[in-house]
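In order, the protein sequence lines correspond to chains W and S.
Residues 5 to 164 (this note's numbering) make up the first sequence, in order.
Residues 2 to 359 (this note's numbering) make up the second sequence, in order.
Don't be surprised by glycine CBs; every beta carbon is placed ideally from N, CA and C.
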Amino acid sequence: MAFLKNYINDVIGALRSSLKGMRLTGYYALHHKREKITQQYPDNRNELVLPERFRGEVIMTHDEHNEHACTGCTACELACPNGTIKIITKFEVSPDGKKKKALDTFVYHLELCTMCNLCIEACPTNAIKMAQTFEHSVFDRNKLTKVLNKPGSKIRAGVE
Amino acid sequence: MWSLENISHSIDNWLYNTFDPTVAMLVEFLVVAFCVIGLFAMLGLVLIMMERKVSAWMQVRLGPNRVGPGGMFQTVADTLKLIVKEGMTPLNVDKFLFNLAPFIVMIVSMVVMAPLMFAKGIQIWDINIGILFITAVSSVSVIGILMAGWASNNKYSLLGAMRSGAQIVSYELSAGLSVLSIVVLTGSLRISDIVNSQSNGWWIFKGHIPAVVAFVIFIIAVTAETNRAPFDLAEAESELTAGFHTEYSGMKFALFFLAEYVNVFIVCAIGATLFLGGWMPLHIGNWTAFNHIMDYVPTFLWFFGKTFFLIFVIMWFRWTFPRLRIDQLLNLEWKYLLPISMLNLLFVTVITILKWHF
């Protein structure tokens with residue numbers, strides 16, 4: 005008898021869960037105009053809406069004084085799985101005479117990057133982030149090797 | 002009053018009055034063949050378009066929207082592409098069987114169309130074993146599929162064909178039993194009798210719960226029989242690349258593709274004929290005014306409306322449920338659908354003997 009009860013429960017449960025799934029897809033089919041998520045890209049290039057977490061390329065944020073937050077710790081370089089980032093450091097002499105390691109050049113190879121986000125997670129000072137730009141095609145491969153710190157920029161005071 | 006029946010009858014009379022009977026019959030054969038091929042082409046275009054749009058809507062996408070207004074001519078463009086493609090035969094295949102298989106699958110779907118009743122009086126061949134003919138002939142298509150899989154000399158194709166064979170053979174049982182329950186209620190295998198018996202209400206309403214159960218089982222079983230998701234193990238893109246038609250290209254591939262969609266149309270037409278009254282308009286009890294208005298809708302619109310509703314339901318299945326594993330598939334058939342449909346057939350028989358149906 006218990007077998008029969010389980011059997012009937014199975015059938016009813018299967019029907020109920022199937023109808024539940026079909027109700028959701030049926031709702032989408034009826035409301036496809038309102039719910040649609042497709043971006044018709046080249047046509048709506050000006051009003052394109054990208055999701056918040058979209059990953060286009062790695063950039064370094066600079067504030068209005070042309071200062072960044074990168075200490076040159078190379079955590080991102082170590083985190084990168086395929087050698088996209090190369091950090092060249094230098095020694096700066098602070099006003100009180102101490103020598104301190106600092107960022108010289110942040111080299112970023114866009115052509116190698118897989119947008120895995122590991123460098124951003126590794127960065128202890130939130131100096132780099134993912135930008136939403138994505139139209140990266142160029143005719144010359146060398147243009148894909150980028151220097152992320154702007155010329156003349158220096159580390160923001162107080163960032164260790 | 003204007004109707005398709007009158008047109009076909011006047012053409013028939015004119016042919017038989019003008020030529021001698023043999024010539025007239027041959028001309029009618031040609032006309033019917035032309036109509037069936039035309040219907041095939043139209044169904045291929047319309048159903049593939051419908052499938053792509055329905056899938057897009059259910060997945061919150063847009064679907065084809067570039068060729069023509071709203072993407073309406075996308076399938077026409079695809080067909081043109083397939084026609085001009087090279088019909089390649091790979092080197093190590095069994096050439097005869099490889100080239101024969103798509104045509105067998107295609108011809109089976111054409112032959113099954115013979116006893117279908119598309120509108121009042123529009124039927125190619127009114128045989129007294131119509132529904133038996135359909136169930137018998139439609140199972141021949143598995144031979145075409147097995148032939149394609151075997152001749153391709155490819156392990157994926159063979160696996161897909163074998164799965165398809167196992168699937169069609171097992172699901173035909175429950176589809177046949179649910180068809181049988183309507184045959185028991187009607188007392189006839191002739192399609193026109195089945196449709197006429199529903200003039201005072203469709204079987205799904207008249208047959209109480211057993212008819213509804215039979216309808217649900219029929220829809221599930223024919224979804225499996227036509228090798229569509231969630232029962233598309235025979236094709237299973239992610240496991241077998243494309244199953245039995247992996248090695249096909251160009252127009253031969255298109256024939257398989259077309260046959261799949263036409264089979265969907267045919268099984269839905271059978272479902273509409275058996276359970277939803279075929280071309281019979283919707284009549285509710287004694288509402289004379291309502292019934293009268295319903296009679297003004299042309300009968301072929303009723304038939305195609307019901308059929309396309311069922312096609313939509315089957316597409317709805319496809320874009321909702323994930324693919325079953327082979328053991329789940331056989332479990333569903335042998336442990337659930339078959340015992341339930343056998344029991345259901347018993348109930349239907351009791352209802353018919355005691356005359357409990359309306």
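Option nearest residue i by Cα separation, candidates the options
i, options, result
"V151/W", "E164/W, G162/W, I132/W", "I132/W"
"F304/S", "L275/S, V185/S, I327/S", "L275/S"
"F134/S", "K253/S, F104/S, V113/S, S153/S", "V113/S"
"E240/S", "K156/S, V68/S, V33/S", "K156/S"
"M43/S", "W320/S, P340/S, Y262/S", "Y262/S"
"L190/S", "M252/S, G177/S, G202/S", "G177/S"
"I168/S", "S200/S, A225/S, N201/S", "Note that residue 168/S is Gln in the sequence shown, not Ile. Residue A225/S is the option with its Cα nearest to Q168/S."
"N197/S", "V94/S, L277/S, D95/S", "L277/S"
"A106/W", "C117/W, A83/W, E71/W", "E71/W"
"F41/S", "M107/S, L16/S, D13/S, Y172/S", "M107/S"
"M26/W", "I315/S, G244/S, K307/S", "I315/S"
"V265/S", "V223/S, K253/S, Q199/S, W357/S", "V223/S"
"S342/S", "D296/S, V77/S, I205/S, V180/S", "V180/S"
"S282/S", "Y297/S, L160/S, A290/S, L344/S", "Inspection of the sequence shows that residue 282/S is occupied by Pro rather than by Ser. Among Y297/S, L160/S, A290/S, L344/S, the Cα nearest to that of P282/S belongs to Y297/S."
Neighbour flag for residue i against chain S, beta carbons, 9 Å
i, result
"G60/W", "no"
"E139/W", "no"
"S157/W", "no"
"K90/W", "no"
"I16/W", "no"
"E81/W", "no"
"Y45/W", "no"
"M26/W", "yes"
"K40/W", "yes"
"A33/W", "yes"
"T129/W", "no"
"T29/W", "yes"
"S98/W", "no"
Test: residue i CB closer than 9 Å to a CB of chain W
i, result
"A215/S", "no"
"V223/S", "no"
"V68/S", "no"
"V37/S", "no"
"W335/S", "no"
"I341/S", "yes"
"Q75/S", "no"
"W204/S", "no"
"F291/S", "no"
"A57/S", "yes"
"F318/S", "yes"
"V265/S", "no"
"L174/S", "no"
"F1/S", "Nothing in the structure corresponds to residue 1/S, since chain S is present only between 2 and 359."
"T274/S", "no"
Rounded straight-line distance, which links the Cα of residue j to that of residue i
i, j, result
"I125/S", "M5/W", "51 Å"
"L338/S", "C36/S", "37 Å"
"A115/S", "N154/S", "34 Å"
"H10/S", "P323/S", "48 Å"
"S175/S", "V141/S", "17 Å"
"T149/W", "E61/W", "12 Å"
"G156/W", "Q44/W", "40 Å"
"S110/S", "F348/S", "32 Å"
"F143/W", "I124/W", "28 Å"
"L34/W", "V111/W", "50 Å"
"H66/W", "T129/W", "13 Å"
"L302/S", "E115/W", "58 Å"
"D194/S", "I132/S", "11 Å"
"R326/S", "C77/W", "51 Å"
"M26/S", "G45/S", "28 Å"
"I16/W", "A273/S", "25 Å"
"I105/S", "F219/S", "25 Å"
"L259/S", "T80/S", "10 Å"
"L256/S", "S22/W", "32 Å"
"K102/W", "F95/W", "10 Å"
"D127/S", "I192/S", "7 Å"
"S165/S", "I267/S", "18 Å"
"L54/W", "M64/W", "20 Å"
"T187/S", "W204/S", "9 Å"
"I285/S", "I271/S", "23 Å"
CB-CB length for residue i against residue j, believed under 8 Å
i, j, result
"W280/S", "G30/W", "No, W280/S and G30/W are not in contact; Cβ-Cβ is about 27 Å, not under 8 Å."
"A79/W", "C127/W", "6 Å"
"L147/S", "A162/S", "5 Å"
"I89/W", "D108/W", "So it is not a contact: roughly 14 Å between Cβ atoms."
"E248/S", "V94/S", "7 Å"
"V68/S", "Q75/S", "5 Å"
Which runs of the beta strand (DSSP E) spanning at least 3 residues fall entirely within the region 58–96 of chain W, listed in chain order?
Listed in chain order, the complete beta strand (DSSP E) runs (minimum 3 residues) inside the region 58–96 of chain W are 61–64.
Completely contained alpha helix (DSSP H) runs for the region 2–70 of chain S, where each covers 4 or more residues
As far as the region 2–70 of chain S is concerned, its whole alpha helix (DSSP H) runs of at least 4 residues are 5–19, 22–59.
With a floor of 4 residues, list each alpha helix (DSSP H) that falls wholly inside the region 96–171 of chain S, ordered by position along the chain.
Under the rule that a run must span 4 or more residues, the alpha helix (DSSP H) segments found entirely inside the region 96–171 of chain S read 96–113, 131–139, 142–152.
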